[in-house]
Amino acid sequence: MRHNFHAKEAKIDTDAGLYYKEAQALFLPVTPRPEINGFELKISNQHYLFYVNDTPFNTSSSAFVAMNKYSTNQILATADIPVPKGVLFHSSDLQSEPLENIITDLRFPLVIKPVDGSLGLGVLCNIKTINELSLYLEQYSASYPRMIIEEYYGGLQSYRVLVFNRRVIGVVLCLSARVLGDGKHTIQELIALTNIKRKETNDKLGPIVFDDECQIRLKELGIDKRYIPALGEVIVLGYTSNPLRGGSYEALGVKICKENRKLMIKVAKTLNLGLAGIDLECTDINTPISQSQGVILDVNHRPSMSIHELPITGKPQAVTKKIMRSFIFRHPFSYLYILYSNKRTRFYLRAMILALVAISVFLFVY
């Protein structure tokens, strides 16, 4: 029995609906589970649960490690994978030693971010002085007592690479918040106008916000929110690129050079993640990081599917179809039985079997 289960029922901001839709298209036996905002897949006496954005492809231990950004950074560094140099910081550390001593091995500009944060919340980039760092740590520590202070890599492109079962199945270019000048409106006015368009374009897009990051960026540019950009002038308003806080994304298919592809697979393998969304910054995704600049910033154990399947620009990639098809290869005989038992597929499967038998007989006789 097939159930009507839509993304809206699974909360529109989750991927459960996308997974479920592909499972239905493949005739996999799935049952909605509204109590977990997801569904259950039963095949070969196995039960697989999809809970909000969590999937059965990662162990709980690997997932917990990935949630801790500092642990992730250290494990990857040990495996000779390029990551930003950083230190762990707790709000109580300043009681025992001065901030200068804590960051003595780091070079400005710096980034601060929560150890277990997500969606770009609590991240502040391009901090250029010890005074600024002290001020922001005091301000942010109230909400995030455990933070990472690490070196900032500016002037690079941001990407999200989706790895599943040791294969790269999707690449997305991530763009920071920006406005396009018309020669009439100030930056503050353009932000308001752009936010209206963002809401009309895609309800998954969050608004551009005028926050600390935006102020740091405008200060770097030598302008403020009253500045009127010229016609066609693009003003980039930040450094992070999460779509929920003003960023956008462009699907690139699986365009990535061989060396970087191997590196992304190594990242997932090192953390023992069957499904991983890897955030990195580099000169170009098709230029080996080893021959240019680039670092792994973060690894997500429950990566977004919608940025690949419902991109702002670029060709959509059916990544959930590739993922759900893995159950067919994992349970081939059970899947054949499912198709044989299904009224919609029974005829075609029987016809295929008869055709194969006929061909075998023909080849044997003649």
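For the sequence shown, UniProt numbering assigns the number 1 to the initial residue and increments by one for each residue that follows. Backbone N, C-alpha and C define an ideal beta-carbon position, used for all residues, glycine too.
When the options are compared against residue i, the one with the closest alpha-carbon
i: A25; options: N37, K321, D203 and N45; result: K321
i: N286; options: K262, T186, R166 and S326; result: K262
i: I338; options: Y19, L18, A23 and G17; result: A23
i: V234; options: C257, G183 and Y249; result: G183
i: P114; options: S141, L133 and S96; result: S141
i: F108; options: I216, K128, S134 and L193; result: K128
i: L133; options: G122, I112, V123 and K343; result: I112
i: C214; options: I196, K197 and G238; result: G238
i: P316; options: T194, D93, G120 and L252; result: L252
i: D93; options: T59, F57 and E138; result: E138
i: Q293; options: E97, S61, H185 and I81; result: I81
Inter-residue CB distance, residue i and residue j (contact presumed, cutoff 8 Å)
i: V254; j: G181; result: Not a contact, Cβ separation roughly 35 Å.
i: I149; j: V87; result: 5 Å
i: K199; j: E151; result: Contact flag wrong, Cβ pair sits at about 36 Å.
i: Q188; j: R160; result: Contact flag wrong, Cβ pair sits at about 30 Å.
i: S143; j: V236; result: Not confirmed; about 26 Å, so no contact.
i: M324; j: L28; result: 7 Å
i: L283; j: L156; result: Per the sequence shown, residue 283 should be read as Thr rather than Leu. Right, the Cβ-Cβ distance comes to about 6 Å (below 8 Å), so this counts as a contact.
Residue j beta carbon less than 9 Å from that of residue i
i: C125; j: G154; result: yes
i: I102; j: F89; result: yes
i: Y136; j: D212; result: yes
i: V209; j: G232; result: no
i: F327; j: Y48; result: yes
i: G314; j: V179; result: no
i: V299; j: E281; result: no
i: I278; j: L162; result: yes
i: L190; j: P243; result: no
i: E250; j: P311; result: yes
i: L221; j: V83; result: no
i: P288; j: C257; result: yes
i: A77; j: K266; result: no
Own chain residues within Cβ distance below 6 Å of residue i, not counting five before or after
i: L218; result: D224
i: R33; result: F39 and E40
i: D13; result: Residue confidence is low: D13 scores 42 on pLDDT, short of 50, so the model does not pin down where it sits. No coordinate-derived value is stated.
i: S241; result: S158, C174, L175, S176 and G247
i: V123; result: K113 and T240
i: E9; result: Low per-residue confidence applies at E9: pLDDT is 47, beneath 50, and the placement is therefore not dependable, though the value from the model is reported in the following sentence. Nothing meets the Cβ criterion.
i: F5; result: In this prediction, F5 scores a pLDDT of 49, lower than 50, which makes its location untrustworthy; the coordinate-derived value is nonetheless stated afterwards. Excluding sequence neighbours, F5 sits near Y20 and P32.
i: L336; result: none
i: G120; result: T240, N242 and R245
i: L205; result: R198 and P243
Other residues of its chain near residue i: CB distance less than 8 Å, five sequence neighbours each side excluded
i: K269; result: R166
i: D116; result: M67, N68, K69 and R146
i: Q46; result: H331
i: L106; result: K85, G86, V87, I149, E150 and E151
Same chain, Cβ closer than 7 Å to residue i, five either side skipped, listed in chain order
i: D44; result: Before going further, note that residue 44 is Ser rather than Asp in the sequence given. Excluding residues within five positions, the ones whose Cβ falls inside 7 Å are H331 and S334.
i: V319; result: L162, I169, G170, M305, H308 and E309
i: S290; result: E259
i: N202; result: I312
i: S91; result: S141 and P145
i: A7; result: Note that A7 scores 45 on pLDDT, short of 50, meaning its location in the model is unreliable and no value can be drawn from it.
i: I216; result: N126
i: T345; result: F27 and L339
i: R2; result: Legend: pLDDT at R2 = 47, less than 50; position of this residue unreliable, value from coordinates given subsequently. Q24, listed in sequence order.
i: N58; result: L273, G274, L275 and H301
i: S71; result: V65
i: T194; result: V179 and I208
i: D95; result: The displayed chain sequence assigns Gln, not Asp, to residue 95. If we look at Q95 and ignore the five residues flanking it on each side, it has no Cβ neighbours.
Any chance the segment 298-307 sits against the segment 51-64, with 3 or more Cβ pairs inside 8 Å? yes
If contact is defined by three or more beta carbon pairs under 8 Å, each pair taking one atom from either stretch, is the segment 62-79 in contact with the segment 267-278? yes
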